[in-house]
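Trainee: The sequence shown begins at 478 in the numbering used here and counts up by one.
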Amino acid sequence: MARDEAGKCCVIGTGYVGLVTGACLADLGHSAICVDKDKEKIEQLKKVKIPIFEVGLEEIVRKNLKKGTLEFSTDIEDAVRRSEFIFITVPTPSDSSGNADLTQVDDVARTIARAINEYKVVINKSTVPVGSTKRVERIIQEQLSEPHEFDVVSNPEFLREGTAVSDFMKPSRIVIGADSQKAIMKMTRLYDKIDAPLLITDPVSAEMIKYASNAFLATKVSFINAIANVCEAVGADVREVALGMGYDERIGFEFLRPGPGFGGSCFPKDCRALLSMAEAHGYNFYLLEGVLKVNEEQQRKIVEKVERLLGGTVQGKKIGILGLAFKANTDDVRESPAIFIVRMLLEKGARLSAYDPKAVANARKELEGVDFAESPYEAVKDAEALALLTEWDEFKWLDYARINKQMKGNVIVDARNCLDPAVIRKIGFVYEGVGR
Ligand code: UGA
């Protein structure tokens with residue numbers, strides 16, 4: 478690929494990462510074929526029906542489909558033959574013991590091997606256990622029907638749901654883990670138009686960077702949650718404490734928001750995978766064990782608050798739930814603390830009515846026995862307590878005086894510290910946030 482030449486890419490797996498990667502590569506001026514074995518999904522994508530809510534994604538999919546730089550297909554082998562850069566972005570879910578399940582990565586590697594017709598760079602972008610780049614290389618090598626040159630590199634992504642498109646275009650860094658100079662040159666040119674620090678390293682270190690980054694961020698969240706619990710006990714305000722800590726550049730302001738614990742498709746899964754990887758190599762990662770423990774306990778603490786403020790039991794009581802997504806600005810409920818909290822409340826016999834601006838369709842698949850409301854006001858009608866579980870902006874600006882009149886009781890548990898306690902208490906609520 479010459480300096481200004483467009484790269485021919487295919488992206489296998491059209492989940493969050495794959496779809497964003499394909500659309501953004503096309504938008505950078507390369508050609509991208511996004512492939513998935515799910516025919517229905519691909520048909521919908523061809524009609525610009527995006528299965529996920531991600532800011533700016535629909536726009537660049539539409540634009541690049543029209544330009545012809547982006548294609549959707551179910552034919553993996555054809556896409557591999559027509560491309561030089563083959564991105565693997567299939568899911569690697571946790572198995573029952575916390576290890577990442579590589580079945581789909583292995584399948585894709587075998588398919589790539591069948592289709593290789595000339596030099597390819599195969600790129601592991603999914604979060605895969607340390608050693609997977611070498612594993613993919615070995616599988617392809619074993620399955621090749623004719624000798625062809627190829628390289629496998631690790632290029633972890635650092636996309637956040639909700640801001641994935643801008644995270645791709647303006648990343649904090651680009652990490653390329655490769656042993657081959659040829660692959661490194663090609664990858665560097667592929668990302669030529671992106672202005673970001675470029676770290677070139679070996680594949681194992683690149684894979685480790687991804688786990689270490691997510692585990693560190695998760696550690697910050699559990700740390701501030703633990704501090705929040707101490708703040709509650711001693712009468713300090715955790716928000717002031719986090720602010721005071723954040724001014725120290727070595728600590729920083731980010732990821733110090735206390736709440737109901739971290740969720741999503743990455744932090745919990747990646748912490749578990751790193752823990753079991755360490756264990757498999759004979760190291761007890763006690764710190765990370767603690768991070769996960771604090772996280773689970775944090776969800777329970779929210780339930781206990783609701784229970785305590787309702788006089789010791791939620792049995793038979795109606796509770797209005799605001800927020801089901803694992804964080805704001807996404808429709809994703811995977812490992813959402815809100816879902817765990819709702820399940821615990823249901824088990825304790827509460828009657829629940831829930832509202833979320835984007836995540837109801839996904840939450841319906843996870844929860845039974847919950848009424849889903851069309852608006853926040855409907856969700857809290859006649860409720861004895863309100864639990865605010867996701868920090869959607871619209872929850873900050875509701876008419877809480879109206880809510881107070883509509884509710885049967887007057888308890889608010891604000892698991893995301895979205896509301897101003899003084900204002901809310903003045904309206905007549907009994908209010909509890911986290912760590913204040
Ligand atoms: C995370 C990382 O931030 C990305 O860099 C990474 O690429 C991605 O995982 C991944 O591995 O694919 P994401 O899961 O989309 O991104 O969400 P975050 O914004 O990191 O939030 C994770 C969880 O932590 C959420 O439940 C959020 O509510 C919680 N959180 C975050 C807090 O409770 N407090 C904070 O201060 C920050």
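Backbone N, C-alpha and C fix where the C-beta goes; we use that ideal spot for every residue, glycine too.
Locate the beta strand (DSSP E) running through N918, then write down its first and last residues.
Mentor: Because residue 918 is not part of the residues shown, which for the chain are 478 to 913, the question remains open.
Trainee: Using the Cα positions of N881 and I816, report the straight-line distance between them to the nearest angstrom.
Mentor: Your numbering for residue 881 matches position 404 in the sequence shown. Your numbering for residue 816 matches position 339 in the sequence shown. So the two alpha carbons sit approximately 25 Å from each other.
Trainee: Quick one: what's S631 bridged to in DSSP?
Mentor: Along the sequence shown, one-based indexing puts residue 631 at 154. Partner(s): N601, G654.
Trainee: Identify which residue in K804, F627, K485, K778 has its Cα closest to the Cα of G506.
Mentor: Indexing the sequence shown from 1 puts residue 506 at position 29. Residue K485 is the option with its Cα nearest to G506.
Trainee: So, T867 versus G639, is the Cβ gap smaller than 8 Å?
Mentor: Within the sequence shown, numbered from 1, the residue matching residue 867 stands at position 390. Within the sequence shown, numbered from 1, the residue matching residue 639 stands at position 162. Taking 8 Å as the Cβ cut-off, T867 and G639 do not qualify as a contacting pair.
Trainee: Verify whether the separation of the beta carbon atoms of N894 and P737 is less than 8 Å.
Mentor: The count along the sequence shown starts at 1 and reaches residue 894 at position 417. The count along the sequence shown starts at 1 and reaches residue 737 at position 260. Not closer than 8 Å, so no.
Trainee: What would DSSP say about D808, mapped onto helix, strand or coil?
Mentor: Position 331 of the sequence shown, counted from the start, is the residue given in the question as residue 808. Correct three-state label for D808: coil.
Trainee: Output the boundary residues of the alpha helix (DSSP H) element that contains Y854.
Mentor: Residue mapping note: residue 854 aligns to position 377 of the sequence shown, counting from 1. Segment 853 to 857, the alpha helix (DSSP H) holding Y854.
Trainee: Does the Cβ of F803 lie closer than 7 Å to at least one heavy atom of ligand 1?
Mentor: Here residue 803 is taken as the residue at index 326 of the sequence shown, counted from 1. The answer is yes for F803.
Trainee: Does the Cβ of D870 lie closer than 7 Å to at least one heavy atom of ligand 1?
Mentor: Your numbering for residue 870 matches position 393 in the sequence shown. Checking every heavy atom of ligand 1 against the Cβ of D870, none is found closer than 7 Å.
Trainee: Does the Cβ of W869 have 16 or more other Cβ atoms within 10 Å, making it buried, or fewer, making it exposed?
Mentor: Taking the sequence shown and counting its residues from 1, one reaches residue 869 at position 392. W869 comes out buried.
Trainee: Please determine whether the Cβ atom of G721 lies at a distance below 7 Å from any heavy atom of ligand 1.
Mentor: Here residue 721 is taken as the residue at index 244 of the sequence shown, counted from 1. Flag unset: Cβ of G721 not near ligand 1.
Trainee: To the nearest angstrom, how far is the alpha carbon of C501 from that of V538?
Mentor: Here residue 501 refers to the residue found at position 24 of the sequence shown. Here residue 538 refers to the residue found at position 61 of the sequence shown. Going from the Cα of C501 to the Cα of V538 covers about 9 Å.
Trainee: Give the DSSP-derived three-state secondary structure of V582 in the structure shown.
Mentor: Residue 582 sits at position 105 when you count from the first residue of the sequence shown. V582: helix per DSSP, three-state reduction.
Trainee: Checking 8 Å against the spacing of the C-beta atoms, do F732 and V698 come in under that value?
Mentor: Counted from its first residue, the sequence shown places residue 732 at position 255. Counted from its first residue, the sequence shown places residue 698 at position 221. Result yes, Cβ atoms of F732 and V698 sit closer than 8 Å.
Trainee: Please return the same chain residues whose Cβ sits closer than 6 Å to the Cβ of A840, not counting the five positions on each side in sequence.
Mentor: Sequence index remark: in the sequence shown, residue 840 carries index 363 (1-based). Within the same chain, A840 has close Cβ partners L801, V810.
Trainee: Which ranges does the beta strand (DSSP E) cover as unbroken runs of at least 3 residues, wholly within the region 510 to 553, from first to last along the chain?
Mentor: Entirely contained in the region 510 to 553, the beta strand (DSSP E) runs reaching 3 residues are, in chain order, 547 to 550.
Trainee: Label G910 either buried or exposed according to how many other C-beta atoms from any shown protein chain fall within 10 Å of its C-beta, with 16 as the threshold for buried.
Mentor: As a position in the sequence shown, residue 910 is number 433, starting the count at 1. The residue in question, G910, is buried, as its Cβ has 16 or more Cβ neighbours within 10 Å.
Trainee: So for V890, helix, strand or coil by DSSP?
Mentor: Position 413 of the sequence shown holds residue 890. In this structure, V890 counts as strand in the three-state DSSP scheme.
Trainee: Let me know the secondary structure DSSP gives V847 once reduced to three states.
Mentor: Within the sequence shown, residue 847 is the residue found at index 370, counting from 1. The answer is strand: DSSP assigns V847 an E or B state.
Trainee: Regarding T604 and ligand 1, is the C-beta to nearest heavy atom distance less than 7 Å?
Mentor: Taking the first residue of the sequence shown as 1, we reach residue 604 at position 127. Indeed, a heavy atom of ligand 1 lies less than 7 Å from the Cβ.
Trainee: What separation, rounded to the nearest whole angstrom, lies between the Cα atoms of T604 and V837?
Mentor: As a first step, residue 604 is located in the sequence shown; it is residue number 127 there, counting from the start. As a first step, residue 837 is located in the sequence shown; it is residue number 360 there, counting from the start. Going by the C-alpha atoms only, they are around 27 Å apart.
Trainee: Compute the Euclidean distance between the alpha carbons of V629 and R637, then round it to the nearest angstrom.
Mentor: Locating residue 629 in the sequence shown gives position 152, counting from the first residue. Locating residue 637 in the sequence shown gives position 160, counting from the first residue. Cα-Cα distance, rounded: 25 Å.
Trainee: Are the region 812 to 829 and the region 765 to 777 touching, with three or more C-beta to C-beta distances below 8 Å?
Mentor: Touching, per the Cβ criterion.
Trainee: Tell me which same chain residues have a C-beta within less than 8 Å of the C-beta of L534, skipping the five on either side of it?
Mentor: As a first step, residue 534 must be located in the sequence shown, where it is residue number 57. Cβ neighbours of L534 beyond the five flanking positions: L496, V497, A500, I527, A641, V642.
Trainee: Here's the rule I'm using: 16 or more other beta-carbon atoms within 10 Å means buried, otherwise exposed. How should I943 be labelled?
Mentor: The first residue shown for the chain is 478 and the last is 913, placing residue 943 beyond what the model contains.
Trainee: Would you check if the distance between the CB atom of G886 and the CB atom of A860 is smaller than 8 Å?
Mentor: Here residue 886 refers to the residue found at position 409 of the sequence shown. Here residue 860 refers to the residue found at position 383 of the sequence shown. A contact, by the Cβ cut-off of 8 Å.
Trainee: What does DSSP give as the partner residue(s) for C743 in the beta ladder?
Mentor: For the purposes of this step, residue 743 is identified with residue 266 of the sequence shown, where counting begins at 1. In the DSSP output, where bridge partners are listed per residue, C743 has none listed.
Trainee: Within the present structure, is the beta-carbon of G740 separated from the nearest heavy atom of ligand 1 by less than 7 Å?
Mentor: Against the sequence shown, residue 740 aligns to sequence position 263. Yes - ligand 1 has a heavy atom lying nearer than 7 Å to the Cβ of G740.
Trainee: To which residues does DSSP link R828 through a beta bridge?
Mentor: Within the sequence shown, numbered from 1, the residue matching residue 828 stands at position 351. Answer by DSSP bridge pairing, in chain order: K795.
Trainee: Can you tell me which of L823, A483, E626, F635 puts its alpha carbon nearest to the alpha carbon of Q792?
Mentor: In the sequence shown, residue 792 corresponds to position 315, counting from 1. Here the closest residue by C-alpha is L823.
Trainee: Relative to ligand 1, is the shortest distance from any of its heavy atoms to the C-beta of F762 smaller than 7 Å?
Mentor: Locating residue 762 in the sequence shown gives position 285, counting from the first residue. F762 Cβ: outside cutoff for every heavy atom of ligand 1.
Trainee: Quick one: Cα of V613 to Cα of D583, how far?
Mentor: For the purposes of this step, residue 613 is identified with residue 136 of the sequence shown, where counting begins at 1. For the purposes of this step, residue 583 is identified with residue 106 of the sequence shown, where counting begins at 1. Near 7 Å, if we compare the C-alpha coordinates of D583 and V613.
Trainee: Note the first and the last residue of the continuous beta strand (DSSP E) segment covering Y908.
Mentor: Against the sequence shown, residue 908 aligns to sequence position 431. Looking at the DSSP string, the run of the beta strand (DSSP E) that includes Y908 is 907 to 909.
Trainee: Measuring from the CB of D891, is there a heavy atom of ligand 1 at a distance below 7 Å?
Mentor: As a position in the sequence shown, residue 891 is number 414, starting the count at 1. No, the beta carbon of D891 sits no closer than 7 Å to any heavy atom of ligand 1.
Trainee: If you reduce the DSSP assignment to three classes, tell me which class C895 lands in.
Mentor: By 1-based counting over the sequence shown, the position of residue 895 is 418. Coil.
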